[in-house]
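Going down the list, the sequences are from chains A and B. Note that numbering that gives the first Met the number 0 gives residue 60 to position 61 of the first sequence, counting from 1, and the numbers run on in steps of one. Note that numbering that gives the first Met the number 0 gives residue 24 to position 25 of the second sequence, counting from 1, and the numbers run on in steps of one. Quick reminder that beta carbons are idealized off the backbone N, C-alpha and C, glycines included. In what follows, a structure is listed as structure tokens, so that the remarks can point back to it.
There are 2 protein chains.
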Amino acid sequence: MKILEHLKSVKTHPTAEMVYNVVKKDIPSITLATVYRNLNCLSEDGKIVKLEINGEFRFDADMGKHQHCVCKKCGKILDVFQKEISEYALKKIKSTDFVPSGVQVIFYGNCKHENKRAKNNKRPEIVKDNSGVKKR
Amino acid sequence: MKILEHLKSVKTHPTAEMVYNVVKKDIPSITLATVYRNLNCLSEDGKIVKLEINGEFRFDADMGKHQHCVCKKCGKILDVFQKEISEYALKKIKSTDFVPSGVQVIFYGNCKHENKRAKNNKRPEIVKDNSGVKKR
DNA sequence: CTCTTATTGATAATTATTATTAATAGATAT
DNA sequence: ATATCTATTAATAATAATTATCAATAAGAG
Ligand SMILES: [Mn+2]
Ligand SMILES: [Mn+2]
Ligand SMILES: [Zn+2]
Ligand SMILES: [Zn+2]
Chain A
0 MKILEHLKSV KTHPTAEMVY NVVKKDIPSI TLATVYRNLN CLSEDGKIVK LEINGEFRFD
60 ADMGKHQHCV CKKCGKILDV FQKEISEYAL KKIKSTDFVP SGVQVIFYGN CKHENKRAKN
120 NKRPEIVKDN SGVKKR
Chain B
0 MKILEHLKSV KTHPTAEMVY NVVKKDIPSI TLATVYRNLN CLSEDGKIVK LEINGEFRFD
60 ADMGKHQHCV CKKCGKILDV FQKEISEYAL KKIKSTDFVP SGVQVIFYGN CKHENKRAKN
120 NKRPEIVKDN SGVKKR
């Protein structure tokens, strides 16, 4: 309950560990494995969405049909609420040997950073700057 | 070269390990780490696509704009070549604080298994059958 | 052929996630 | 209320995938 409650209160698409770090303030005895277990159950039950971004799972309690943007620089995940995009994809897809039940739309690009000094960049830049690296 | 060559010859979206198991037949000295290294370089250079599905990375040498279907039962990944779907998404998205450079469309659902007797089912079913598991 | 640098193989380390299990909490029956 | 049964948890340990390290090797330049 606390886990779902917390997930509903944020729009950051946290990892299991991020959820854990917040929820343990309320339930100090809770363990990371319990958070994982509950997040997985919730997503199997269709109460939350489990996303896979940059090598880790992210969780989202917003079950409305929406899309996501992932910043290639800072890794931030933003919501896009334009259900026509998902609907178009599902309406248009014609596959003889596959029956789709849902679609996931992820945009990759760059978010508008306060380019002066990134203020809420918790993790180091994911940008892969190859300048100066010469290939042969 | 052998890695890229192999990737271009298949449409299975293999994992690094799958690529490794094939390429090592040609280059017995090759190591899994080298395969990972090269796959990552290739994807950074835009020569291949790196997908993230069911907790692991999948690689695809088909750089044409296309979409994917993931079977929730067997994990198989199928291609869909309908560029209008990705184009629609990119054209329609309006985000004030994000500049998209690409979009990834993944359909989830079920592929048409030869349900009489699955003939090329290499890996065990991923299906999560909760029948008989009562929640309280 | 020698020198310099990039890439590899071998392996260790890391990270995220899942599995195990005895203990606990919660519900149910007495 | 107390005993009993059962689902969930905490506390690990284990696993799986991926990345890092680094000495040895291969490739290119001169
Ligand atoms: Mn979201
Ligand atoms: Mn493909
Ligand atoms: Zn950003
Ligand atoms: Zn299937």
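- Interface annotation, A/Phe80: not in contact with chain B, CB-CB separation never under 7 angstroms.
- Classified as exposed, A/Gly45 has fewer than 16 neighbouring CB atoms from the shown chains inside 10 Å of its CB.
- In this structure, A/Asp78 has its beta carbon less than 6 angstroms from a heavy atom of ligand 1.
- When rounded, the separation of the alpha-carbon atoms in A/Gln81 and B/Phe97 is 15 angstroms.
- Rounded to whole angstroms, the gap between the alpha carbons of B/Pro27 and B/Arg36 is 17 angstroms.
- With the rule of 3 Cβ pairs closer than 8 angstroms, the region 42-62 of chain A counts as touching the region 51-59 of chain B.
- For B/Asp96, the Cβ stays outside the 6 angstroms cut-off from all heavy atoms of ligand 1.
- Within the region 89-113 of chain B, Lys91, Ile92, Ser94, Asp96, Phe97, Val98, Pro99, Ser100, Gly101, Val102, Gln103, Val104, Ile105, Phe106, Tyr107, Gly108, Asn109, Cys110, Lys111 place their CB atoms closer than 7 angstroms to a CB of chain A, listed in sequence order.
- For A/Asn109, the closest C-alpha among the options B/Gly101, B/Val34, B/Cys70, B/His112 is that of B/Gly101.
- According to DSSP, B/Ile76 shares a beta bridge with B/Val69.
- Listed along chain A, the residues sitting closer than 7 angstroms to B/Cys68 by beta-carbon distance are Ser94, Phe97, Pro99.
- DSSP lists no bridge partner for B/Lys46.
- In this structure, the CA atom of A/His67 is about 29 angstroms from the CA atom of B/Glu16.
- Cβ-Cβ distances below 8 angstroms link B/Ile47 to Leu3, Leu6, Leu38, Leu41, Phe58, Asp59, Ala60, Met62 in the same chain, with the five nearest sequence neighbours on each side left out; the list follows chain order.
- Look at A/Asp44: its beta carbon is at least 6 angstroms from all of the heavy atoms in ligand 2.
- By DSSP's assignment, B/Gly54 forms no beta bridge with any residue.
- Ranked by Cα distance from A/Glu83, the first of A/Cys73, A/Thr33, A/His65 is A/His65.
- Shown here is that no member of the region 7-20 of chain A has a Cβ falling below 9 angstroms from a Cβ of chain B.
- Residues of chain A with a Cβ closer than 8 angstroms to the Cβ of B/Ile84 are, in chain order, Tyr87, Ala88, Lys91, Ile92.
- When DSSP states are grouped into helix, strand and coil, A/Ser100 belongs to the strand group.
- With distances taken between CA atoms, A/Ile29 lies nearest to A/Lys1 out of A/Lys1, A/Ser8, A/Tyr87.
- For the region 26-48 of chain A, the beta-carbon criterion of a distance under 7 angstroms to any beta-carbon of chain B is satisfied by Glu43.
- Closest in alpha carbon position to B/Lys93, among A/Thr33, A/Lys24, A/Asp78, A/Lys10, is A/Asp78.
- By the Cβ neighbour-count rule, B/Lys10 is exposed, with fewer than 16 other Cβ atoms within 10 Å of its own.
- Sequence-distant partners of A/Ala88 (beyond 5 residues in either direction) whose C-beta falls short of 8 angstroms from its own C-beta, in its chain, are Val102, Val104.
- Distance from the CA of B/Tyr19 to the CA of B/Lys90, rounded to the nearest whole angstrom, comes to 38 angstroms.
- It is roughly 27 angstroms from the alpha-carbon of A/Lys24 to the alpha-carbon of A/Cys73.
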